[in-house]
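What follows is a set of notes on a single structure, which appears directly below.
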Amino acid sequence: MEPMPGPPPSTWGTRMELLASAWPRPGWGVNQRTRGPCLSLCRSHKVEPCFPRWGHSVPGGGGGPCLCPHASPSSRWQELEKLGLGDSVDLHVYEIPVEYKTVQRLIPALWEKHSPQLVVHVGVSGMATTVTLEKCGHNKGYKGLDNRHFCPGSQCCVEDGPESIDSVIDMDAVCERLTELGLDVTVTISQDAGRYLCDFTYYTSLYQGHGRSAFVHVPPLGKPYNADQLGRALRVIIAEMLGVLEQSDRQGSCCRQR
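Position 56, counted from 1, in the sequence shown is what UniProt numbering calls 56; the numbers after and before it change by one each time, with no gaps.
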């Protein structure tokens, strides 16, 4: 699996497209193409175009599989769509089934199609009690069967790929900023997205996008947050991630020009 080249910062426009993806068990995704970010929503049942428009993907994860078969993240995206992400953002929502082979096919295709600046995946974790920002994805250790009772024989995402890949997003900086803003949800950091489809999706997206991906795990509705709270939190989280990424890109550009 060859990683897709990401667009250079100089080619990004002022308008962004957000592609959101979410699953009942694994996660969401956001992609941003040359003209901006995009977000794709992935669930295990049906596709719902329920976001504004941008380019990010966010998966959710914690310590272990995201075992929440009855919880769907679509309501979070619907709340996010109501709130909007600004006129500069176009949102596209995709559904990603809880299937390893589909992830291996779909994630590279989405990166190739949209060339996003950032992909944000979001997933529901039955173990989560906070909104969790995942710092990295892992390549090996995938033993759990997917919805088609399949798991990779190699038990890894990318053969000969690095053991783990960190997001280029400074999650600690994002978390600190969110704390300063005083959201009515608790945001935490994790380095283990669970070695199931969330983690598998995250690593695949990080590999394809050279680290320009993020994953957010959210708790089931009502445990303890409602859809409105999660939707508002995701809106702020995505905006902060973009801000951190763009600041990093500007600093990198200045360094290259010296």
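For glycine and all other residues, C-beta sits at the position ideal for the given N, C-alpha and C.
None of the values given here were measured: they were computed from a predicted structure.
Hey, residue i and residue j: beta-carbon distance below 7 Å or not?
i, j, result
"F200", "E134", "no"
"S115", "H217", "no"
"A239", "V185", "no"
"N139", "E99", "no"
"G137", "L221", "no"
"Y142", "R195", "yes"
"A173", "V236", "no"
Under a three-way DSSP split, which group does residue i fall into?
i, result
"T201", "helix"
"A214", "strand"
"Y94", "strand"
"Q247", "helix"
"D184", "coil"
"G137", "strand"
"V158", "coil"
How far does the beta strand (DSSP E) with residue i in it extend, from its first residue to its last?
i, result
"V124", "119-124"
"S164", "164-166"
Taking residue i and residue j to be in contact with their CB atoms under 8 Å, please state how far apart those CB atoms are, rounded to whole angstroms.
i, j, result
"S190", "V119", "At roughly 18 Å, the Cβ-Cβ gap does not stay under 8 Å, so S190 and V119 are not in contact."
"C175", "G123", "No, C175 and G123 are not in contact; Cβ-Cβ is about 18 Å, not under 8 Å."
"P108", "Q208", "5 Å"
"T204", "C157", "5 Å"
Which stretch, first to last residue, makes up the alpha helix (DSSP H) that contains residue i?
i, result
"D146", "No alpha helix (DSSP H) contains D146, which DSSP labels as neither H nor E."
"D172", "171-181"
"E112", "100-114"
Is residue i near the ligand MG, with its Cβ less than 6 Å from a heavy atom?
i, result
"E163", "Looking for the ligand MG in the displayed structure turns up nothing, as the structure carries no ligands at all."
Quiz item: Counting Cβ pairs closer than 8 Å, one from the stretch 151-170 and one from the stretch 224-231, do we hit at least three?
Solution: no
Quiz prompt | Stretch pair the stretch 143-156 + the stretch 117-133: three plus CB contacts closer than 8 Å | solution = no
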